[in-house]
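Protein chains in written order, with this note's numbering: chain X, 2 to 167; chain C, 2 to 508; chain G, 115 to 579. Beta carbons: idealized from backbone N, C-alpha and C, even for Gly. Presented below is the structure to which this report refers.
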Amino acid sequence: MVKQIRRRVYPIEENCMGCRLCEVACAVEHSKTKDPISAFLEEGNPFSLTVVEMAGPVSFSLACRHCDEPYCVEACISGALRVEDDGRVLVYEEVCVACGMCVVSCPWGAIRFREVDGVKKAAKCDLCPGREVPACVAACPNRALIFDTALGPGLELVEEEEIIEG
Amino acid sequence: MLYESIFVFPTFEVERDYEKCIVCKTCVQQCTFNATYYLPHRHKVVTRDTECVGCRRCEAMCPTGAIKVRRYQGEFKENAYWSPRDLKDLYKQAEQGGVILTGGGNDREYPIYWDHILLDACQVTNPSIDPLREPMELRTYLGRKPDKLDIGYNEKGEPELRTKIPPNLVADIPVIFAPMSYGALNLNMHRAEAAAAKAMGTYWNTGEGGLHRELYPYGDHTIVQVASGRFGVHAEYLQVSAAMEIKIGQGAKPGIGGHLPGGKVDEEISKTRMIPVGTDALSPAPHHDIYSIEDLRQLIYALKEATNYEKPVSVKIAAVHNVAAIASGIARAGADIIVLDGFRGGTGASPAIVRDYVGIPIELALAAVDQRLRDEGIRNWVSLIAAGGIRNSGDVIKAVALGADAVYIGTAALLAVGCTLCHKCYTGRCAWGITTNDPFIAKRLNPEIAAERLTNLLRAWAQEMKEMLGLMGINAIESLRGNRLRLRAVGLSKEEMDILGILPAGA
Amino acid sequence: MRYVIAGNSVAAVSAIDAIRRRDQDGEIYVISPEPRTAYCRPLITYKLAGQVPPERLPYRQEGYYRAKGVNLIYGKSLEGLEPEKGRVALTGGERLEYDRLLLAMGAVPFMPPIEGLDGPGVYPFTTMEHLELVEAALRDWREVVVVGAGMIGIKAAEALHLRGLRVTVVELLDRILPIVLDGTSSVWAQREMEKHGMGYILGDSVVAIERDRKGNVQGVSLKSGTRVPAQGVIVAVGVRPNVGPLSSSPLQINKGVVVDDCMETNIEGVYAAGDIVEAYDLILGAKRPIQVWPLAFRQGLIAGANMAGGRRRYVGGFPINAVGFFGFKVASAGLSTVEPDMEESIEVLRFVDEERGIFRKVVLGNNKVMGFLILNDISRAGIYTGLIWSRMDVAGFKEYLVDEVSVPESCRPIVSGTEPWSFDTMKTHRRFGWALFPLSYRKQFTAMPSRIEEICAFDSEVYTL
């Protein structure tokens with residue numbers, strides 16, 4: 002079996018206080034200027050790829066899980082969603098036709114449409130290329146988001162079902 | 002403001018720079034006092050200044066630094082006698098007819114004796130010690146010490162100790178977390194205290210609200226309290242502890258009891274305190290079975306009996322006028338440790354009038370008690386813990402030199418995890434998630450982060466204390482205890498210096 | 115080990131991936147009837163509309179096959195199966211031996227018995243070849259009739275409309291997208307089409323295609339007697355599993371090739387995946403062909419893994435669809451057409467606000483989500499799909515499933531109303547999503563990136579209608 006490095010952000014709901022600074026950080030990181038004030042006040046339509054789920058005192062920030070066998074990649078009719086060698090699941094915006102299959106398939110609701118220059122494209126967590134730690138994790142004041150670069154437990158779980166030769 | 006009493010004047014105002022405000026509404030979500038709110042139709046965040054308690058949570062959380070919380074600029078006519086606080090309190094009472102409540106410690110202007118005491122240092126004739134090069138001992142033993150040691154020889158002719166040493170607490174640093182109950186604080190804070198105490202080899206104190214079962218594994222580092230309400234006291238509670246403490250009084254509110262409102266008594270607190278959910282937890286002002294030193298002795302020995310004489314028993318009293326005589330009585334009643342809680346000590350809830358005007362400074366109380374016990378020749382019967390307003394390692398060193406074996410830190414510990422001394426502990430809405438059990442807010446205190454911060458604080462203080470010991474040429478904290486010659490006073494009267502037992506600077 | 119894959123679309127590609135994850139050395143042959151690499155079939159309508167440049171059509175490029183060490187046989191189809199000899203017959207009589215065979219030949223368009231159907235000007239619309247034919251014919255066409263208002267029909271009609279043609283859609287049933295939309299929602303969708311000037315005729319069918327003497331299409335006549343002038347006809351009344359070449363083999367074929375939960379057919383070593391199969395339907399609890407892209411991918415993956423010696427189980431599937439035309443989006447999965455009074459055992463939760471264009475419907479059976487249908491803003495609709503996969507009991511949070519501040523609003527601040535909000539009002543905000551779900555599910559799936567349907571303990575219990 003090819004060992005793959007997995008990179009994921011895990012939410013810790015016990016520590017999430019629902020301040021939504023992760024959403025702010027994500028929107029800023031994925032803006033043109035990467036400056037909070039410009040991103041929100043000048044660029045308009047700030048867009049966060051992570052969503053703080055809330056229900057009573059329960060809250061946590063949920064973005065793409067970067068699944069081992071992503072539902073979205075299966076559903077993508079244009080090949081715009083791909084699993085990278087480092088385990089990230091990325092959208093290639095120029096290929097996306099905004100059909101919505103990924104949006105309907107992702108059980109975490111982690112993919113949404115983002116309108117860029119009047120054109121809708123699927124948008125999802127890209128683990129902040131160029132940052133050592135994703136923006137949401139860096140912004141969380143209460144360690145409610147953990148960036149894990151180790152081999153995820155999910156992968157092992159799938160392996161249990163598979164008896165691999167050699 | 003519309004629909005509000007016209008007699009409410011703000012203390013703080015929130016200045017929001019709308020050039021910088023990105024309307025993320027984090028401040029709205031963080032303002033547990035509902036002072037800051039969002040107007041959807043105007044897409045704007047504004048603040049009702051009258052509700053602002055000055056906790057500065059919004060300021061800390063604002064991602065763009067658009068918020069400044071500051072003193073309200075509107076002013077009453079200048080008056081050297083009536084302060085704005087007096088006016089506002091009076092208006093409030095005229096409006097509501099009740100006792101003004103507060104939390105935290107006494108914040109009024111009284112002399113701070115710590116700041117009139119200076120430390121000695123070695124020069125030429127007595128060498129100082131470099132703590133980075135030489136061993137430096139901060140370990141302290143808390144408990145009764147024998148009057149004399151009986152040493153004999155065994156059959157091989159080797160010397161051996163014949164005296165049975167009474168049970169002692171061993172603290173690697175003479176700083177212990179002060180009693181703050183589960184209920185006043187949330188479980189996250191207790192988790193953090195327990196973890197930090199364990200990591201630093203010291204102790205934490207449950208306060209009078211019992212010990213949550215989850216924290217039993219930290220029992221070896223836990224001092225459990227037995228207070229007038231007897232909340233959460235049962236055999237197992239006593240048995241898992243490192244020491245037991247009988248709480249007679251509290252520095253912030255000597256002579257009055259405690260009150261945890263029923264609204265704060267949730268499922269977990271109810272289980273821990275052993276009271277029904279939603280009922281007020283009222284601690285009586287006195288212990289109704291203690292009206293004399295002899296009664297106290299009964300309880301002390303009841304606790305010792307219950308734990309097979311294996312654990313020291315501490316008695317905590319507020320620093321009041323005749324504290325020295327009371328302490329002597331407590332020592333003679335069989336206590337192993339006496340905790341003196343000064344008037345700067347904090348509280349979760351207290352009438353402001355009591356907090357502000359009752360009790361005496363810990364510096365004077367400590368010096369008086371230490372001297373009295375020495376004069377009576379029973380200083381070795383008990384260890385002294387000074388509590389109530391220890392702000393830094395300098396205060397710890399001075400307290401030790403005045404006669405303390407160790408100190409309690411309560412307010413300092415809360416500050417370490419975010420408290421900004423807004424003194425709204427009694428509301429149960431602490432925006433920093435410390436003195437609240439509201440599940441929405443208590444999550445703000447991550448026990449892991451809080452434990453790290455407490456550990457860092459103690460580590461920093463330990464380092465500073467070693468430096469101070471070194472410069473005085475002392476290599477063990479126990480050698481400094483009661484060593485008032487290493488202290489000098491500045492700006493104190495003769496009487497004050499007499500009580501403190503220290504000389505004026507220059508003498 | 116020699117793997118032969120008949121067909122070259124998404125199931126074939128995912129099977130190749132799965133095989134190569136386990137077996138780097140085995141030979142892989144891919145029989146590709148079309149002389150090109152795998153391409154994105156659903157994209158051909160986008161290409162026709164001019165929304166996608168031709169270079170975006172390939173799903174995988176030549177380089178992919180090279181990297182995976184795949185031998186591509188272009189221009190040949192599987193013509194017969196000789197399992198006793200362990201080989202398949204290809205176009206031209208050639209034989210190819212296999213150790214493991216994957217049947218992934220997909221489906222073929224169904225051509226209804228209409229007079230005058232054969233001949234130029236009448237095309238189905240499922241392959242690149244059809245696209246090329248239609249593109250070539252476009253310059254002679256001004257008016258087009260699209261027969262069938264399903265996914266392909268609607269998308270083709272939209273594309274042709276965008277190319278400036280006058281399009282009339284003829285549908286036998288009384289609503290458009292009949293397998294996805296219910297009564298109310300189809301009215302909305304029709305209105306959207308009308309707004310853009312697209313014509314439709316419902317509840318009618320084409321009985322004859324009129325041609326002139328040269329054979330050119332002149333129009334179609336309908337059962338009702340109406341005549342619609344047209345120079346071209348697109349037939350999109352559905353597809354059928356491409357089981358024709360297998361009919362003489364001992365393969366068990368019902369509507370499609372019947373497979374077990376390892377995607378293996380009744381013949382050992384012969385697997386099937388994609389539109390050709392009749393696999394387990396998670397919701398109906400029976401085997402039936404479900405011709406959607408994501409399931410083809412999944413089945414290919416499972417089949418590939420099992421072919422290469424792994425052991426993976428296909429839990430089942432259900433239709434998942436997302437379709438959009440003129441910016442109008444429809445998302446659905448599972449049982450989406452069920453009307454509230456259709457079945458007693460089924461509960462339909464709806465939130466409809468015409469003014470704001472909100473249509474959300476969730477179909478519950480025994481307090482488990484069996485399907486949903488959302489129009490317009492489809493953000494986070496996948497959470498419902500996840501609920502179907504997990505078979506979670508939703509009784510505890512039923513009232514939040516389709517309330518006013520439901521899925522789309524859950525991802526942005528709620529701005530409705532003029533009431534100021536403070537901390538206490540924010541406490542009452544509930545954003546639909548995972549936070550509402552029971553702790554055990556929440557913990558498991560927010561922490562683990564695994565397949566929900568594989569982890570959730572499935573007993574033999576199935577949804578029953």
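Residue-level contact check: Ala64/X does not touch chain G, since none of the beta carbons of chain G fall below 7 Å from its beta carbon.
Look at Met18/X: its C-beta is not under 7 Å from any C-beta on chain G. In terms of Cα proximity to Lys121/X, the closest of Arg325/G, Lys190/G and Ile492/G is Ile492/G.
Distance between Gly99/C and Ser351/C, taken at the CA atoms: about 13 Å. In chain order, Ala561 make up the part of chain G whose C-beta sits under 7 Å from the C-beta of Tyr11/X.
Rounded to the nearest whole angstrom, the CA to CA distance from Cys137/X to Pro433/G is 34 Å. Distance from Ala185/C to Ala452/C at the Cβ level is roughly 19 Å; contact not present, criterion being Cβ atoms closer than 8 Å. If only complete runs of 4 or more residues are kept, the region 89-138 of chain X shows the alpha helix (DSSP H) at 102-106, in order along the chain. Contact check between the region 393-412 of chain G and the region 133-152 of chain G: fewer than three CB pairs, one atom from each, fall below 8 Å, which does not count as touching.
For Ile78/X, no CB of chain C lies under 7 Å from its own CB, so it is not counted at the interface with that chain. Among the residues facing chain X, Trp255/G is not included, as its CB has no counterpart in that chain under 7 Å away.
For Ile502/G, the enclosing alpha helix (DSSP H) stretches over residues Gly496 to Ser504. For Ala56/X, the nearest beta carbon of chain G is closer than 7 Å to its own beta carbon. For Ala419/G, the uninterrupted alpha helix (DSSP H) segment begins and ends at Trp407 to Met421. One finds nothing in chain G with a Cβ atom closer than 9 Å to the Cβ of Val138/X; even the nearest lies about 15 Å away. Pro71/X carries a coil assignment under DSSP once its states are collapsed to helix, strand and coil.
As a beta-bridge residue in DSSP terms, Met245/C pairs with Val225/C and Val314/C. Spanning the alpha carbons of Glu95/X and Ser79/X requires a straight line of approximately 10 Å.
Its chain contains Thr421, Cys423 and Ala432 as the residues whose beta carbon lies nearer than 6 Å to that of Cys56/C, once the 5 sequence neighbours on both sides are disregarded; these appear in chain order.
By the Cβ test, the region 369-379 of chain G is in contact with the region 392-403 of chain G, since at least three Cβ pairs between them sit closer than 8 Å. Neighbours of Val29/C in chain G, taken as residues at a C-beta separation under 7 Å, are given in chain order as Trp535, Ser536, Phe537 and Met540.
Collapsing the DSSP output to three states places Met562/G in coil. Proximity to Val349/G across Thr340/G, Pro355/G, Pro359/G and Ser319/G peaks at Ser319/G, based on C-alpha coordinates. With respect to the C-alpha of Phe546/G, the residue from Ile315/G, Ile228/G and Val516/G having the closest C-alpha is Val516/G. For Phe178/C, the enclosing beta strand (DSSP E) begins and ends at Val176 to Phe178.
Interface criterion not met: the Cβ of Phe224/G is under 7 Å from no Cβ in chain X. The shortest C-alpha to C-alpha distance from Glu513/G to any of Ala56/X, Ile38/X and Pro37/X is the one to Ala56/X.
Residues of the region 23-52 of chain X with a Cβ closer than 7 Å to any Cβ of chain C, in chain order: Val25, Pro37, Ile38, Phe41 and Leu42. At least 7 Å separates the CB of Asn438/C from every CB of chain X. One thing to note: Ala387/C has its Cβ no nearer than 7 Å to the Cβ of Ala402/C.
Not a single CB atom of chain X sits nearer than 7 Å to the CB of Phe34/C. Cβ neighbours of Leu316/G within its own chain (closer than 6 Å, five residues either side excluded): Glu285 and Asp288. In the three-state scheme derived from DSSP, where H, G and I count as helix and E and B as strand, Tyr142/C is classed as strand. In this structure Asn481/G is exposed. Its beta-carbon is surrounded by fewer than 16 other beta-carbon atoms within 10 angstroms. For the region 407-467 of chain C, the full-length alpha helix (DSSP H) segments reaching 4 residues or more read 412-417 and 440-443 along the chain. Excluding sequence positions up to five before and after Asp149/X, its CB lies within less than 8 Å of the CB of Arg7, Arg8, Arg9, Val10 and Tyr11, all in the same chain and listed in chain order.
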